[in-house]
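In my numbering, the protein residues as written are 6 to 105.
Glycine is no exception: its CB is placed at the ideal position from the N, C-alpha and C atoms.
Below: the structure, in structure tokens.
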């Protein structure tokens, strides 16, 4: 689960469009060895346990900021990019619940 924050806002936001705006942000950190060749500047912080999610949502930033770290490379798997017609990869046949 990416560590994200969402909120609603009203009024102009960097454009002349009036009205409601959904704002979205995510916390980034330095990339690990898998992500760095693809995106050398940063990667999203990924929360992988119920406990980490609970910490992220409930404790003060002074404690939650300990979660701002790259996911260890051994916890990631690189898959070929899915392309609908004539490409490499494919849709996964089964997904795994990180909390399950």
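Contact annotation: residue 50 and residue 62 have beta-carbon atoms that are not nearer than 7 Å. The straight-line gap separating the alpha-carbon atoms of residue 81 and residue 44 is approximately 15 Å. Per DSSP, residue 55 is one residue of the alpha helix (DSSP H) stretching across 55-63.
Assigned with DSSP and collapsed to three states, residue 78 falls in helix.
Comparing alpha carbon positions, the residue from 57, 56, 34 closest to residue 47 is 34.
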